[in-house]
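Participant: Each protein sequence line maps, in turn, to chains V and Z. Going letter by letter, the first sequence gives residues 524 to 855 in my numbering. Going letter by letter, the second sequence gives residues 152 to 664 in my numbering. Think of the CB as a built atom: it goes at the ideal place given N, C-alpha and C, for glycine as much as any other residue. Below is a structure I'd like to ask you about.
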Amino acid sequence: MKSSSGLSRRSLLATGAGAFGAASLGLSPRLLHAQTAVNFQLSWLHSTQFAGSYIAQDRGFWAERGLSVALQPGGPNAPVEPPVVSGTALMGISAADYTAAAVSEGAPFKIIGVAMQNNPFAIASLSANPVNQPSDMEGMRIGMALANTPVLQALCTINDVDFDAIEIVPTQYSPQPLVAGEVDCLLCWATDLPVAMTVQGVENETMLMADHGYAVHSQTYIVTEDSLANRRADIVALMAGEVAGWAAYREDTAAATDLTLAMFPDAGLDRETQLLQAERQVPLMFSDLTDANGFGWWTDETVAANIETLGLLGREVTADLWDRSILEEVHG
Amino acid sequence: MTHARQWIGPILALVLWEGFAHLFASAFVLAAPSAILLYLYENAGLLTRALGVTLANAAAGFLIGNAAAILLAGLAIALPRSENIVRALALVVFCLPLVATGPVLRILFGPGAGPQITLAALAVYYTTLIPLLVGLRAVPSDWLDLVRSYGRGRMTALLRVRAMASFPYLVAGLQIAAPAAFLGAMVGEFTGAERGMGVLTIRAMRDLNIEMTWALATVATAVAVLAYLAIGYAARRVLTEEPPVILAAPAAKRRNLFSSIAMVTFSTAAILALWWVGLDALNLSSFFAKRPDDLVDALFLAPDATQTRAALAAALSETLIFLFPGYLAGLLAGATLAMAIILAPSLANTAMPLAIALRSVPIITTAPLVVLLLGRGAVGTVTLIAIMVFFPTFIACLHGLRQAPGRATDVMRSYAASDMAILRHVRVPAMLPAFFAAARINVPASILAVTVVEWLATGNGLGALMALSASLSDYDMLWSAVVLTTLLAVLGYGLVGALERRVLQTYAPEQLA
């Protein structure tokens, strides 16, 4: 609670300073009324991965829509789905494959927005022994969380690569096994471990799996069917703030990075790493599709591609998993 | 001269460390002491704030956990019939794996420090409860007669006599509890926190920031060692003698088969009932809060029940392969070092601080380091488990060896027996009760170690299975793995207890009286 009151004070100052906010401050009667408090569950520790949301918070994009949003950080032991199911969080950040898994276990989720149009999964390798295309992995040792074995299998199936010719070494949370030569490549996020290696001066290559047919929406916004029916106005306001925040993020990733570091001085963030992550995230989040239709958008074609890849991951879903009505209202 | 010589060892070690760090800088494994110091200096503010947050949560958990232990112990003494069930429940709750309890606590508490404080409390209460139960009984019976002769009842005896008598035992528990509380608070931060030592540890691993990883480990070790020493120091100011070392309940008396079965059945029923009623009372969604009947369904009736059981069995065997050697190596190392110190007391100067440090470093900071140094294979995992098991065994064995009856050693000496012979014939038998007590309490500790390493570093076994099933919302699998892990701990505890009774019947029958 303490942090959220600190943030709203900050956001009032920021709105007072910003040209955009100046109009809303004082003029908007909603600011003077009690705001609806909502929790928004992020999928990982605070970092520029969620900088668009921090901008929405900081510039009052939610406050002016009558929401007081608390951004709940995730972590290595913080699954997103339970707080959303239980209603502790109104909205959470998941990914299509995790959401599909939760739905098959009985969670009543809908995907209402897609922040990462292109899946961030990548194969990272050292420049001296690079993986430039999926077939390069044959005969290599790959370090990855065993949990992601179906992901690698799907990539191999799509690209006709012999899965059995790749040796899987379980690793977690660190690029060190690649740097130390324990493995030849890593399955990780393009915006995460490779960035750490680059900043530490280790020359590396990343092969984005999305460029090789792996189509799974990531950083997706999920809500329950129940809140979609009963708390629609709050969800629309929350997504509208997100859309505005991420638009501002795209304008100036450096400012977004500085804001992240200023808001979370205790998170141990390194500016160079965070900035590079913020920059590498842009092509994953924004595309011709979002330029034409707006942030978070999808089409029947991208959903069909997702359903196909999810099928390879052993997740049978239908297009019903996605609900575009909130985005249509926001962008409409 | 002797003073100067004392410093040669540590200084040489530091110089070697520095040299190796520079030599192998490209492997991103070892940070040089100079680089660690520089990092600490440059980031003093960040580390101080993180430490403040984690310490505050650890302290809150420490107080709550120990208060709960004191209440439970009081209950068990005031109502002697409740003792067995209190003990059984306390052991089961202590054996619950952190990897799985964290997220559930996050749901229960919502945002804030709730899970951090609760995990810290859960990490400490058992090691306080057990010595207390012993201490509350360690009362000369004539004192109790005195209370009775004044016409006072059990309550007066508890508050006036037993509480005072148990104080040294309480201190012994608190000393072990301090580093454990710190670990609990750090793991709690993994369930979603904005700041703290746990948050920074994850950040350092991901960022390949070796200086930060080692700096965090240094700070965590220093704090844990200081807390351990401070409680010991405070205790010596208050107590007239060294606090006793009791790591586990004394071996249970031999019961007949019928009453043993009755006890196990009753405890199991109580646990199942608590589980069921608890989830309903907390109104937790059945999506993630699985009841016993959900697990029966998932494990035996569902169409994919065979796969579920196979996945559990595979994970269990992966875990056991590392668990056994690590556990045995830790016990052996602890007992060996204790005997070595008895034979060559000067060893204690170097060995004691090292042993305390090894034990106190929170496993989530050691895990990345040990894996960095020894690799992701068997050696790293086994070493880590051994480190967790080593210290309690060492302390308990040392205490036991020193308790050898003086008259027996005197007799041996008068026959000009060598130190080695005295050790073998007098001290080792005297050590056995303490050794087995440590062996029992180390069963849950080693399982905690192996699951944490699997989760954070190697991605194998039950630890990884629990993390994986949480991320895939496979909560039937998660709860099954929790039950399996807990059963493993409780069974291991019981097995060691049975072995203990066998051995003590021969070497220390008075313990079983």
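Which residues does DSSP pair with Z:T307 in a beta bridge?
Facilitator: Looking at the DSSP assignment, Z:T307 forms no beta bridge with any residue, so it has no partner.
Participant: Does DSSP put V:Y744 in a helix, in a strand, or in coil?
Facilitator: Three-state DSSP puts V:Y744 in a strand.
Participant: Would you call the CB atoms of V:N562 and Z:A621 closer than 9 Å?
Facilitator: Not a contact, by the Cβ cut-off of 9 Å.
Participant: Could you tell me whether the Cβ of V:Q580 comes closer than 9 Å to any Cβ of chain Z?
Facilitator: Taking Cβ atoms only, chain Z never reaches closer than 9 Å to V:Q580, which makes this a no.
Participant: Mapping the DSSP letters down to three states, classify V:T729 as helix, strand or coil.
Facilitator: Strand at V:T729.
Participant: Rank Z:A264, Z:L629, Z:A600, Z:T364 by C-alpha distance to the C-alpha of Z:A336 and give the top, closest one.
Facilitator: Cα-wise, what sits closest to Z:A336 is Z:A264.
Participant: Please classify V:L530: does DSSP put it in a helix, a strand, or coil?
Facilitator: With a pLDDT of 43 at V:L530, under the threshold of 50, the modelled position of this residue cannot be trusted; read the value that follows with caution. In this structure, V:L530 counts as helix in the three-state DSSP scheme.
Participant: Based on Cα-Cα distance, which residue from V:L709, V:A719, V:Q800, V:E628 lies nearest to V:F573?
Facilitator: The shortest Cα separation from V:F573 among V:L709, V:A719, V:Q800, V:E628 belongs to V:Q800.
Participant: Could you tell me how far apart the beta carbons of V:R794 and V:T776 are, in whole angstroms, since I believe they sit closer than 8 Å?
Facilitator: Wrong, their Cβ atoms sit about 12 Å apart, outside the cutoff.
Participant: Whole alpha helix (DSSP H) runs in the region 325-362 of chain Z with 4 or more residues, listed along the chain?
Facilitator: Complete alpha helix (DSSP H) runs here, min 4: 348-357.
Participant: Please classify V:S551: does DSSP put it in a helix, a strand, or coil?
Facilitator: Any answer about V:S551 is weak, because its pLDDT of 47 lies below 50 and its placement is not dependable; what the coordinates show is given next. Three-state result, V:S551: coil.
Participant: In whole angstroms, give me the CA-to-CA distance for Z:S410 and Z:V298.
Facilitator: Going by the C-alpha atoms only, they are around 33 Å apart.
Participant: Quick check on Z:M563: buried or exposed, where buried means 16 or more other Cβ atoms within 10 Å of its Cβ?
Facilitator: Classification of Z:M563: buried, given that the 10 Å Cβ count is 16 or more.
Participant: On a Cα-Cα basis, can you pick out the residue from V:M808, V:L782, V:D811 that is closest to V:A579?
Facilitator: Nearest option by C-alpha distance: V:L782.
Participant: Taking the continuous beta strand (DSSP E) assigned at V:F787, which residues delimit it?
Facilitator: Looking at the DSSP string, V:F787 is not in any beta strand (DSSP E), and its letter there is neither H nor E.
Participant: DSSP on V:Q572, reduced to helix/strand/coil?
Facilitator: Here V:Q572 sits in helix by DSSP.
Participant: Using three-state DSSP, classify Z:Y658 as helix, strand or coil.
Facilitator: Helix.
Participant: I'd like to know whether the C-beta atoms of Z:F438 and V:E628 end up nearer to each other than 9 Å.
Facilitator: Result yes, Cβ atoms of Z:F438 and V:E628 sit closer than 9 Å.
Participant: Between the Cα of V:D811 and those of V:A677, V:A651, V:W820, spot the shortest distance and give me the residue it belongs to.
Facilitator: Of V:A677, V:A651, V:W820, the residue nearest in Cα terms is V:W820.
Participant: Is the distance from the Cβ of Z:V338 to the Cβ of Z:L270 below 9 Å?
Facilitator: In contact: Z:V338 and Z:L270 (Cβ atoms closer than 9 Å).
Participant: For V:T680, which residues of its own chain have a beta-carbon under 8 Å away from its beta-carbon, when the five flanking residues on both sides are left out?
Facilitator: Only F686, L835 meet the Cβ criterion.
Participant: What does the alpha-carbon distance come out to for the pair Z:T369 and Z:I353?
Facilitator: For Z:T369 and Z:I353, the distance between alpha carbons rounds to 15 Å.
Participant: Between which two residues does the beta strand (DSSP E) containing Z:V180 stretch?
Facilitator: Segment: none, Z:V180 is in no beta strand (DSSP E) and carries neither H nor E.
Participant: I want to see whether chain Z comes within less than 9 Å of V:T796, judged by CB atoms only; does it?
Facilitator: Closer than 9 Å to some Cβ of chain Z, the Cβ of V:T796 qualifies, so yes.
Participant: Along the chain, where does the alpha helix (DSSP H) that runs through V:T822 open and close?
Facilitator: Looking at the DSSP string, V:T822 is not in any alpha helix (DSSP H), and its letter there is neither H nor E.
Participant: Excluding the five sequence neighbours on either side, which residues of its own chain have a C-beta within less than 8 Å of the C-beta of V:A546, listed in chain order?
Facilitator: Low confidence applies here, because V:A546 scores a pLDDT of 41, under 50, leaving its location unreliable; read the following figure in that light. Correct list: empty, nothing qualifies.
Participant: Tell me, please, which residues DSSP counts as bridged to V:M667.
Facilitator: Bridge partners of V:M667: V:P693.
Participant: Identify which residue in V:S566, V:A560, V:Y577 has its Cα closest to the Cα of V:A771.
Facilitator: Here the closest residue by C-alpha is V:Y577.
Participant: Give the DSSP bridge partners of V:N753, in chain order.
Facilitator: Bridge partners of V:N753: none, in fact.
Participant: Determine the extent of the alpha helix (DSSP H) in which Z:Q458 is found, giving its start and end residues.
Facilitator: 456-494 is the extent of the alpha helix (DSSP H) around Z:Q458.
Participant: Alpha carbon to alpha carbon, how far is Z:E605 from Z:L463? Give it in angstroms, no decimals.
Facilitator: For Z:L463 and Z:E605, the distance between alpha carbons rounds to 14 Å.
Participant: Considering only their Cβ atoms, is the gap separating Z:G485 from Z:A547 smaller than 9 Å?
Facilitator: Contact flag set, yes.
Participant: For the region 591-615 of chain V, which residues have a CB atom closer than 8 Å to at least one CB atom of chain Z, in sequence order?
Facilitator: Listed by position along the chain: A593, Q595, P596, G597, G598, P599, N600, A601, P602, E604, P605, P606, V608, S609, T611.
Participant: May I ask you to list the residues that DSSP assigns as paired with Z:M539?
Facilitator: In DSSP, Z:M539 forms no bridge with anything.
Participant: Considering just the uninterrupted stretch of the beta strand (DSSP E) at V:K617, what are its terminal residues?
Facilitator: Sequence inspection shows Ser at residue 617 of chain V; the Lys mentioned does not correspond to that position. Element bounds for V:S617: 614-617.
Participant: Please compile the residues from chain Z whose C-beta is within a distance smaller than 9 Å of the C-beta of V:T694.
Facilitator: The contacting residues are R527, A608, T609, G610.
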